[in-house]
Amino acid sequence: MPFSLVNLLVGRRVANREAESRKIGVLAGVPSMGLDGLGSAAYGPEAALTILAAAGVAGLGAIGPITWAIIILLAILWFSYWQTVAAYPSNGGSYIVAKDNLGTGAGLLAGTALMVDYML
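Here the numbering used here is used: position 58 in the sequence shown is 58, and no number is missing along the way.
Below you can see the structure in the form of structure tokens.
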């Protein structure tokens, strides 16, 4: 196999027969991949309180309704994902779902947004 910059940075390609033994299990995957979400959950409420504290008592009184609005939005998001998984059980990436439901332009926009997000 010739030497390349990609092989140096990422490593060699894994053959299909090797892939099964190299998969990350749930016990290793959740702590290593899920820390980003935990970090966001840790500093989010503090950031909200810091901003609302500048408005005084009225600002701190708004934290309850804001929290409920966030909970409702998360419930809507969960329901949306639940419907998508039910409709596309084996292959439901954002490009495919957007293209099938909203057209090719929306699919390309969703795919491009993901690529930009991955780069950032």
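Glycine included, each C-beta is placed from N, C-alpha and C at the ideal position.
It should be emphasised that the depicted structure is a prediction, and the values quoted were computed from it without experimental measurement.
Tell me which residues share the same chain as residue i and place their Cβ nearer than 8 angstroms to its Cβ, disregarding the 5 neighbours each side in the sequence.
{"i": "V14", "result": "R22"}
{"i": "A86", "result": "none"}
State the start and end residues of the unbroken alpha helix (DSSP H) segment that holds residue i.
{"i": "A58", "result": "V57 to G61"}
For residue i, does the count of other Cβ atoms within 10 angstroms reach 16, so buried, or fall short, so exposed?
{"i": "A98", "result": "buried"}
CA-CA distance, residue i and residue j?
{"i": "A110", "j": "A42", "result": "28 angstroms"}
{"i": "F3", "j": "L60", "result": "59 angstroms"}
{"i": "W82", "j": "P65", "result": "26 angstroms"}
{"i": "G103", "j": "A113", "result": "16 angstroms"}
{"i": "A53", "j": "I71", "result": "21 angstroms"}
{"i": "P45", "j": "A19", "result": "40 angstroms"}
{"i": "L73", "j": "F79", "result": "10 angstroms"}
{"i": "S40", "j": "A47", "result": "10 angstroms"}
{"i": "V116", "j": "L9", "result": "20 angstroms"}
Tell me which same chain residues have a C-beta within less than 6 angstroms of the C-beta of residue i, skipping the five on either side of it?
{"i": "Y95", "result": "G107, A110 and G111"}
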